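Quick look at the structure:
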């Protein structure tokens, strides 16, 4: 029992032996147990509905973050039963705990070192064998576990019924059937968790059976050694297996006593494999040395045999517990959908159609809300702020700086960015939850492989169409560091939401303006789509180039599980996605856009030698700009608006007014603005010396220029490498310069 | 504004120049960097390695053989040897080069770094086998003692490198196994490949191209003066005795080998509607990739059915233990299935 009110530093070491969960290690893993009595870990394969179970249990009382020191997401939440409060920690979805990927280490280390009071293993009833493989491994480590048999409705649909009582007998732990989506069985799950946590139910978990394998003797003899060296350790056999598999983390943990509490309270860093200088237990060292020499004799085959043994066991348990319907499965909806969605002739059209629908919904749906937000935040609120400034006797420059610079940029970014993101990402997440995106990855892998990249890049690229920073974060799904870097560097070529307004406006003016009015809408839409497709072409081309030069290497392995189609939780996804995206946009606006607004206002209002800083810079940049087929205004706008692509057009308009000396347009120096109709903008830009070439090159440059500062920051956080962050930022920019230059020279030749 | 044509020409010339200088791997900059590396320490270490390898094979090492290995002039070679002598790492005895104890220790560290790096490349990256040796040749000089130790720990203290050479331990001991070359087999004998000699590189490249890898099980069918004929992985391999000298094997007892050589087709051979039972995962599938495949349920004895092919080619989806897993063709080819067990949907398994 544990009734800790404070972290373990306040407990005497002797208390540790009686405590179920290891509060000290929990704190190190970033889990604060101050207001909770018990900690429950949630483990399971990917695609088992684990997050649905998590949401069903915790409702809205949850928050997400990262595991300390790693770029792996973590969710934790809480629930209460009667007087008792439980904390629920969602572990990364893993196929096994034996291998050494980051996800598996995190999951394994949490169960092993933090010793949660209960570990719940979420198991997909329709996929019992593979899921039981993980369950059996968990049962080797801990003996306080509950199996949550989820998705039994799906299994029923496919003609299988699972005898959960039989399963519970075979496994030695409680098994609770659930349908998390409809909350069926969740209450019983919670009660079972409580019973196991408080010791009401005692589990006798099944440990890996003994078979006629030649390594069996080795395991047994080493397990004996472990037991002799550490009296009372409950999972000696598992420890012996890990030592024979060469698990360095377990070796270290044995030597410092972390695993066995021989020397409690020693500060070995949990989760990142480093060891502080600690006292080493000589008995442990002897066991480890013996294990190492035994390993040499066993050779490579040990791991294989272990995995095979686990699977044989899992298969026989699953067989005994599964009852197949006599008539066989119902009409297989999954296959029917797949025939349509991934069929030879229908696959690509469906993909393109779906993506088009998503984009169209985003653009069309965002129009009105963007306008309303702009009205609210800018048209209504900004004058109020100015009035406030006048009332508070702010000097003119302070009012201008705060309200025309900082506030305006922030408000602009929010009103332009929020509606499209709030539509695009929920749609995207719905597609992902339904299982469609895995099939996209499956179908496009061939193309990506030929470009030297990974099929999952299809997903990160599509996410990049919403927001490049989100696309960069999404590259976590790619295991190989080389291919992940390629995905990160080329993500910029996906035309993100923030650049669409620029493309649409310029396309309408300069390309639509070339054709008769009745074709204009169609042609300008076509132009924007062509630019987006060009971005995809560049993604492949640059991926190919990178994989032939600086990121050389063979294609990594590609193993993808294609989940069955599942109805997504529509409202819940909409809600959580909306909240996530709103918070993100607000954060980004404040952190990145506000300073940009300040810089813009200052550049327009600080005067040196008669003209403003902006005018100086524009005339300085003009020659280079014209060489590229752009002009100084555009270049300056891109420099000051690195933080946010959304404010490019307003900034350009403002600078154009300033430098072209157009009177009567715009609210004044250093203040961004927008015009109501495209033709107004057209007139202004033409007065500023723009030609069709300028328009075309602006569209190209907008596609190809460096990533926005949020993306650069995210790239740095994900890669932790200054070198690659610089490459990712500078490469697209150079490409933009080169392409614009070539286009402008070729254009001028004719 | 100068004429656009001139601009374009200038730009193209400038681009070409930049490419010549900066191209990764082949440009002037990277060549000069490599040249600078060939200075002092690297040459010393290469010399130490050369002498060590000769001693391990019980061959004599002379100045001329060292000069050939370092690919440098006689004068330079003498300079290197003099430095080794001054540092107490080597001695010249009767015209032969011999390592001192200190020198042997140093050489072992370099060899350890080299082989650990090859193991890392093989297990955790997708680098082509033919590039392992060359890359390790460069990296062995860059790894510090601490880095080598950390790498060894991370890889699980491997005993052998991917060519089958033993990796010296941290305290400088080298496990020694008796070496039996392929050319010593008699027709009809079965064996497993335990070592592939990585120098000379041409020979190793040929072996890799023929499909040899560590752990490959083969049977010697026939031998004549200029060729040996083996069977492995369901196909026949013909190789010259020179190549066979560079392949070390370990004889297999008759019973065990039968099961392994009977595999004749792979998962990639399955057609629509077919299913089969997995017999083994080829040893050419290593490290992380192997573990991931096994974690997904692809272990010997599993029944796998073909589901569908990816639309842009190159990979297929298979039904495994109730889930659908997609694998690329190269991976599917490494999973051996029993041909007689291939069953069309609807037939009895």
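Protein chains in written order, with our numbering: chain A, 5 to 754; chain B, 643 to 991.
All residues carry an ideal CB built from backbone N, CA and C; glycine is no exception.
Quantities reported herein were computed from a predicted structural model and do not represent experimental measurements.
Closest to residue i by CA distance: which of the options is it?
i	options	result
residue 923 of chain B	B:859, B:700, B:774 and B:767	B:859
residue 683 of chain B	B:713, B:828, B:941 and B:722	B:722
residue 306 of chain A	A:352, A:248, A:253 and A:320	A:248
residue 693 of chain B	B:734, B:661 and B:761	B:734
residue 706 of chain B	B:726, B:687 and B:737	B:737
residue 405 of chain A	A:48, A:675, A:622 and A:196	A:675
residue 977 of chain B	B:700, B:935 and B:791	B:935
residue 502 of chain A	A:246, A:714, A:129 and A:189	A:714
residue 687 of chain A	A:513, A:237 and A:164	A:513
residue 311 of chain A	A:54, A:253 and A:246	A:246
residue 754 of chain B	B:966, B:878 and B:803	B:803
residue 338 of chain A	A:237, A:160 and A:567	A:567
residue 910 of chain B	B:845, B:941, B:979 and B:861	B:979
residue 177 of chain A	A:700, A:682 and A:147	A:147
residue 766 of chain B	A:483, A:295 and A:420	A:483
residue 506 of chain A	A:685, A:361 and A:252	A:685
residue 815 of chain B	B:697, B:746 and B:648	B:746
Do you know offhand how far residue i's Cα is from residue j's?
i	j	result
residue 274 of chain A	residue 77 of chain A	Low confidence applies to residue 274 of chain A: its pLDDT is 38, below 50, so where it sits in the model is not reliable, and the reading given next is rough at best. Each residue's alpha carbon lies about 17 Å from the other.
residue 658 of chain B	residue 666 of chain B	14 Å
residue 725 of chain A	residue 487 of chain A	15 Å
residue 868 of chain B	residue 880 of chain B	10 Å
residue 973 of chain B	residue 564 of chain A	12 Å
residue 663 of chain B	residue 550 of chain A	18 Å
residue 289 of chain A	residue 718 of chain B	48 Å
residue 661 of chain B	residue 686 of chain B	33 Å
residue 433 of chain A	residue 164 of chain A	29 Å
residue 757 of chain A	residue 181 of chain A	In the structure displayed, chain A extends from 5 to 754; residue 757 of chain A sits before or after that span and is not available.
residue 418 of chain A	residue 208 of chain A	56 Å
residue 866 of chain B	residue 884 of chain B	13 Å
residue 280 of chain A	residue 228 of chain A	Bear in mind that a pLDDT of 41 at residue 280 of chain A, under 50, signals an unreliable position, so the number given afterwards is only what the model happens to contain. Distance between the alpha carbons of residue 280 of chain A and residue 228 of chain A is about 29 Å.
residue 618 of chain A	residue 604 of chain A	8 Å
residue 242 of chain A	residue 143 of chain A	10 Å
residue 498 of chain A	residue 969 of chain B	27 Å
residue 184 of chain A	residue 154 of chain A	7 Å
residue 456 of chain A	residue 548 of chain A	6 Å
residue 789 of chain B	residue 921 of chain B	39 Å
residue 731 of chain B	residue 836 of chain B	32 Å
residue 57 of chain A	residue 958 of chain B	31 Å
May I ask whether a heavy atom of the ligand HEM can be found less than 7 Å away from the beta carbon of residue i?
i	result
residue 658 of chain B	The ligand HEM is not part of this structure, which contains no ligands at all.
Within a Cβ cutoff of 6 Å, which residues of the same chain sit near residue i, ignoring the five residues on either side of it in sequence?
i	result
residue 855 of chain B	926
residue 308 of chain A	none
residue 578 of chain A	430
residue 678 of chain A	654
Identify every residue that forms a DSSP beta bridge with residue i.
i	result
residue 872 of chain B	B:862 and B:879
residue 563 of chain A	B:969
residue 152 of chain A	A:126 and A:180
residue 802 of chain B	B:808
residue 823 of chain B	B:890
residue 255 of chain A	Paired residue(s): none; residue 255 of chain A is not in a bridge.
Excluding the 5 residues preceding and the 5 following residue i in the sequence, name in chain order all residues of the same chain whose CB lies nearer than 7 Å to its CB.
i	result
residue 833 of chain A	The structure shown does not extend to residue 833 of chain A, since chain A spans only 5 to 754, so no value can be given for it.
residue 656 of chain A	637, 638 and 641
residue 724 of chain B	none
Between the stretch 644-671 of chain B and chain A, which residues of the former have CB atoms less than 7 Å from a CB of the latter, in chain order? 646, 647, 649, 650, 653 and 666
Give the residues from the stretch 436-465 of chain A that approach chain B closer than 7 Å (Cβ to any Cβ), ordered along the chain. 446, 447, 448, 449, 450, 451 and 453
Would you list, in chain order, the members of the stretch 788-800 of chain B that have their beta-carbon closer than 9 Å to a beta-carbon of chain A? 795, 796, 797, 798, 799 and 800
Contacting positions in the stretch 284-299 of chain A - beta carbon closer than 9 Å to chain B: 296 and 299
Mind listing which residues of the stretch 835-846 of chain B have their C-beta closer than 8 Å to chain A's C-betas, in chain order? none
Contact set between the stretch 947-959 of chain B and chain A, restricted to residues whose Cβ is under 8 Å from the partner: 950, 952, 953, 954, 955, 956, 957 and 959
Listed from N- to C-terminal order along the chain, which residues in the stretch 156-189 of chain A have their beta-carbon within a distance smaller than 7 Å of any beta-carbon of chain B? none
Mind checking the stretch 713-745 of chain A against chain B and listing, in chain order, the residues whose C-beta falls within less than 9 Å of any C-beta there? 742 and 745
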